[in-house]
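Protein chains in written order, with our numbering: chain A, 1 to 320; chain B, 321 to 640; chain C, 641 to 960; chain D, 961 to 1280. Note that the Cβ used here is the ideal one computed from N, Cα and C, for glycine as well. Keep in mind the model is a prediction, meaning the values are calculated, not measured. One structure is given below, encoded as structure tokens.
4 protein chains.
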Amino acid sequence: MKTIGVLTSGGDAPGMNAAIRAVVRSGCENGFRVMGIRRGYNGLMYGDMYEMNLRSVSNIINRGGTILYSARSPEFKTEEGMQKAINVCKEVDMQGIVVIGGDGSFRGARDLSLRGVPCVGIPGTIDNDIACCDYTIGYDTAMNTVMEMVDRLRDTSESHDRCSVVEVMGRKAGYIALNAGIACGATTILIPEVPFDFERDVIERMRRTQKAGKRHFIIIVAEGVGGVQEMAERIQRETGVESRATILGHVQRGGSPTVRDRVAGSQMGYRAVELLKEGTGNRVVAMQKDQIVDFDIFEALNMKKSIDLDLYRVAHEISI
Amino acid sequence: MKTIGVLTSGGDAPGMNAAIRAVVRSGCENGFRVMGIRRGYNGLMYGDMYEMNLRSVSNIINRGGTILYSARSPEFKTEEGMQKAINVCKEVDMQGIVVIGGDGSFRGARDLSLRGVPCVGIPGTIDNDIACCDYTIGYDTAMNTVMEMVDRLRDTSESHDRCSVVEVMGRKAGYIALNAGIACGATTILIPEVPFDFERDVIERMRRTQKAGKRHFIIIVAEGVGGVQEMAERIQRETGVESRATILGHVQRGGSPTVRDRVAGSQMGYRAVELLKEGTGNRVVAMQKDQIVDFDIFEALNMKKSIDLDLYRVAHEISI
Amino acid sequence: MKTIGVLTSGGDAPGMNAAIRAVVRSGCENGFRVMGIRRGYNGLMYGDMYEMNLRSVSNIINRGGTILYSARSPEFKTEEGMQKAINVCKEVDMQGIVVIGGDGSFRGARDLSLRGVPCVGIPGTIDNDIACCDYTIGYDTAMNTVMEMVDRLRDTSESHDRCSVVEVMGRKAGYIALNAGIACGATTILIPEVPFDFERDVIERMRRTQKAGKRHFIIIVAEGVGGVQEMAERIQRETGVESRATILGHVQRGGSPTVRDRVAGSQMGYRAVELLKEGTGNRVVAMQKDQIVDFDIFEALNMKKSIDLDLYRVAHEISI
Amino acid sequence: MKTIGVLTSGGDAPGMNAAIRAVVRSGCENGFRVMGIRRGYNGLMYGDMYEMNLRSVSNIINRGGTILYSARSPEFKTEEGMQKAINVCKEVDMQGIVVIGGDGSFRGARDLSLRGVPCVGIPGTIDNDIACCDYTIGYDTAMNTVMEMVDRLRDTSESHDRCSVVEVMGRKAGYIALNAGIACGATTILIPEVPFDFERDVIERMRRTQKAGKRHFIIIVAEGVGGVQEMAERIQRETGVESRATILGHVQRGGSPTVRDRVAGSQMGYRAVELLKEGTGNRVVAMQKDQIVDFDIFEALNMKKSIDLDLYRVAHEISI
């Protein structure tokens, strides 16, 4: 009976539990002994792991976060850390590991693969900032959480003829901002991928929609742009509309995952085990054009992706 | 100034308002006079319509249902009905109509196009049963509504060691059932597209998972399969597990739309106006592989699509 | 170190876990050994219980259902069943039991108290049908679940000018129906506590509101009244408004509890342990006029309560 | 036909629309002409009002915010402002006004009553900081919104063994913080009404629960206490647990109201019209011990209320 492991690394994302569940269930059904490794690469270095069975993953598909916990692990990036992990893998005769996380986690998976422990990555991050994927686990839930929160802000903005300037997560990427911004009918969406002129794109747009009778406004600002406090002050000064800045914060990371995140997590976990079953490592499972595919990790880490500018144009035209 | 119209027809779906909003906003921005036609083809036959402006569609993107109302219209399928509609179109000099609805509504759009009123269809139905589309407006929200309801049923099923046999919408298609079933960790999913043997696929599976320690069960049954009451009785009789049938009903049609339904509705509405601007009619806007595309209506109505059997296999393997 | 137990009995209700958590935490803090008894009185008769500590109840306050499971237990009502339970209590030297459930469960608690095992009841049922309480655990969550579902039905009813006739839970009591009915703006609310004349209270009211311009309708019917299918048919026949019956079903029992259910469950669990600490048994903890109080079980079982007819009148006047 | 008015003033709160609806419906049913006054006392001073009928308030009971808009009005506090309002009241022959808002709004209602325009106040504020009321409209929704957001934070705190220090609204009152804190299982709750020693009540408590095996923590801090950023830094420094501060912000004000807020809003609006019908002004409608009552405004403004310290003790004991 061969042993494989599963771990979650980096920021947690809703749907990670669905992926863990699929890896464990599919692993057990395929005759593997499946070890749950706690707190990412930390657990791997220090042997903090336990054998999981079909029931270990019951009733978790609907829960946010990760039952295996997550952590950053600077030590793992050192040669000593890597050596500790390799030693643990030898002790338990680890035949493969599924690593659920982001780009940083995949680098670790690549390095382990190179040293003889075949690893398969699954993209799990709310930010959707992994180049080989159109879609990462947690992204759909995070967008919907943002939307629900902004829908609530809208009630109070509308009641008071105010402008809400809202910073949403996404690190250096504007995916959450762009989609949630369209979904909330934001007057302007500012993302790092598209240069903007504050006067033209915010102030002038607001004035134009004011002429069309609009009295309350939502401005969505990606984390990678930032500066919402100053923006709110400037808007109030220049337009006379009472303005408030809101930073949505870590609430965006949690919550019960959506259908899409649960299904994608399940599919990706299943595919990862298929790859390990075939003895293939150093791969990343991905979703492209709604299909589950997989890539070499090296290749995946060197890809680029760009945001959908058509979508940006749609946003611009219909949010008047 | 050219006049175009927009109507919703057939069953309502969350996200239709996002599409209406995009048509109106984009129409106005492109210099059209946009008429909102009430209650589908009925409103067209009887001239029940009103001019909409940028503010007519404020604060609707987050609301379920359709602000233009919907209705079935048998009269419109008759030659007399069609003639009434054509006459109304002539009166207001209608240069194009955006029809948001399902296959049946597209047939009407095709017939109007043939008689000189260019129509563009937008797929709006929770059932996702339109052949030319991977995805229809309302589908994502409906799946998530089903999932939330089944998550609630799970609480009580688990507390009482019961089996819940749940019928979910989808008419003759199993898309909602398959995806929501995976998302809810259903032990078995029965859909019209895949033949099943009740003894093997339900009873035997339940017995097997019972041996693995499971004591509560969710069985998801598509509307096109039906018969949940009898199934619940048979399950209780054969397995001894107390079983309850639930038909989720029309609750599945409503609710505030998800990000995906709001964004797709916006994109499709925008594209529909682009087509009318170019003078093109007899087209259906669609989403394929996450891209907005469009098809000739004749062609679209003759397409076939099949459910993702890989997904069915994933469901089967990991829901043990 | 004295031993006490906690069990949940009868139908599960959201907030039961908050009460279990408070009993366990408060029990441990007061120096008790706390046993979690599984599946109500069944677990008591067969010794199916385990020792709980502060961490046994971590991360459950937000979960629906009951982590101790629940069951009906006809055997416990027999002399033999009672004797089994008493024997188990002697074996583990049980000094008291907290019973979370409804009237039926309190009868068992009374009988155990009479035989020397002091029991304290906590009212846990979504139906709010316990005479000594203004409010029972689970009631607030169930009302809000009903409201959210009817809000969704409203979207589709409004879009199609339909009438939705909705049966909601509550057994023989109309509390959920009355409150959720007001909250959803139901045109008519039918409850077992108030006799009605269908022609006058449903048909005539609908006609009157039709004259005031209303075209879609919600009729809320308590489980104790029933007959929604026939009502929908009669409404359609007599008013011409397309009508649909919906039975909301067991979805109403589940879901993450509201603040009120979590707080009340916590307060009641805490009070129950206070009583056992004083050596008091045969009591029911209750909420009256927003205060936590407690009653003799005999007394509690003989109380009567009546529904707030003022509230019914408010509903009648403002839902036009 | 006598004329009455209704306005919302101060911060908006979910459930205000239910109260407006009840005032309008009940007003119309009792033969009044009902004027909706926009943007609080501003609309009264400048005659910005419109006649409402039964249908003006259709489909609003489920919506957050206020359809009459709200605003602060420093001008109304001047003698000139008051005179403008009185003049407008004379012009339309205003026989009474229902004022939905907080303490500040009630002072205006008192002054208008003194000058011959009978006013009735309805307590609408999420903060529950009105002395004559156990419960104010919007409070229940705000608590549940906070709870849902903290439930989400919990997912990510748990996954990363972190401490979340969360500031919640309530101005100078700790009601939201105390109840939401219990509901979320907060390790410590800091409110302005109870003095605290940070070392003892936060750091020591965390250390104690750490010994009991807990690795993630929620600290709820009322707005009236503040300082979450510094607290998070201190916690991290002293306990070594990675800590993050979150200020939930204006999201807490919005959202579809709960059953309780919709029902209480309906009852209070109904009672306010009853009072005006009897010619009574200068009253505040209130909820005390779950009953609708009313008070003289002078009296109401001089009342004191204190937070439930028993509840604080429960929180302290069971959140270990």
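Assignment of A/P74 by DSSP, reduced to helix, strand and coil, places it in the helix class.
For the pair of segments examined, the stretch 760–779 of chain C was found to touch the stretch 926–946 of chain C: the number of CB pairs separated by less than 8 Å reaches three. DSSP places D/G1229 in the uninterrupted alpha helix (DSSP H) bounded by 1219–1237. Proximity of chain B to C/T796 at the Cβ level (cut-off 7 Å) is accounted for by D332, G385, H570, R573, G574, in chain order. Rounded to whole angstroms, the Cβ separation of C/D791 and B/G385 is 11 Å, and the two are not in contact under 8 Å. Neighbours of B/Q587 in chain A, taken as residues whose beta carbon is under 9 Å from its own, are I182, D310, L311, V314 in chain order. Chain order gives the chain B residues near C/L793 as H570, V571, G574, where near means a beta carbon separation below 7 Å. Under the criterion of beta carbons closer than 8 Å, A/S105 and A/G10 qualify as touching, at roughly 5 Å.
Looking at D/S1279, D/V1245, D/V1274, the one whose alpha-carbon comes closest to that of D/D1063 is D/V1245.
Not one beta carbon of chain D lies nearer than 7 Å to the beta carbon of A/Y139. Taking CB atoms only, C/S649 has no neighbour in chain B less than 7 Å away.
Taking the Cα of D/D972 as reference, the smallest distance to any Cα among A/L153, A/R205, A/G281, A/G279 is reached at A/L153. Under the three-pair Cβ rule at 8 Å, the stretch 1142–1151 of chain D counts as touching the stretch 898–905 of chain C. Contact annotation for A/N179 against chain B: V579, V583 [CB-CB distance below 7 Å, chain order]. In the three-state scheme derived from DSSP, where H, G and I count as helix and E and B as strand, C/G748 is classed as helix. In this structure B/P515 is exposed. Its beta-carbon is surrounded by fewer than 16 other beta-carbon atoms within 10 angstroms. Between the stretch 588–597 of chain B and the stretch 394–408 of chain B there are fewer than three C-beta pairs closer than 8 Å, too few to call the two in contact. When rounded, the separation of the alpha-carbon atoms in C/C729 and B/E562 is 29 Å. Only exposed fits C/Y690, as fewer than 16 other CB atoms lie within 10 angstroms of its CB. Nearest C-alpha to D/Y1001 among D/N977, D/L1028, D/E1259, D/N1022: D/L1028. The CB of C/G853 comes closer than 9 Å to the CB of N1013, L1014, R1015, S1018 in chain D, given here in chain order.
Contact between the stretch 947–960 of chain C and the stretch 1194–1201 of chain D is not established, with fewer than three Cβ pairs separated by less than 8 Å. Under the criterion of beta carbons closer than 8 Å, C/A885 and C/Q907 do not qualify as touching, at roughly 39 Å. Here B/G347 is not near B/I417, since their CB atoms are 7 Å or more apart. In this structure, B/S390 lies near C/S799, with their beta-carbon atoms less than 7 Å apart. Counting only the Cα atoms, C/R847 lies some 26 Å from C/L888. Between C/G895 and C/G778, the gap from beta carbon to beta carbon reaches 7 Å or more. For A/V251 against A/T145, the beta-carbon gap comes to about 7 Å, under 8 Å, which counts as contact. In the DSSP assignment, the residues bridged to B/F537 are B/C483. Taking all protein chains in view, the Cβ of A/L276 is crowded by 16 or more other Cβ atoms within 10 Å, so the residue is classified as buried. For the pair A/R110 and A/R283, the Cα-to-Cα distance works out to about 8 Å. Bounds of the alpha helix (DSSP H) holding A/C28 are 16–29.
Using a CB distance cut-off of 7 Å, D/M1109 counts as an interface residue toward chain A.
For B/Y366, there is no enclosing beta strand (DSSP E); the enclosing alpha helix (DSSP H) covers residues 361–366. When C-alpha distances from B/I539 are compared across B/A532, B/F518, B/R557, the shortest belongs to B/F518.
A/F32 and A/P123 have their C-alpha atoms spaced approximately 22 Å apart.
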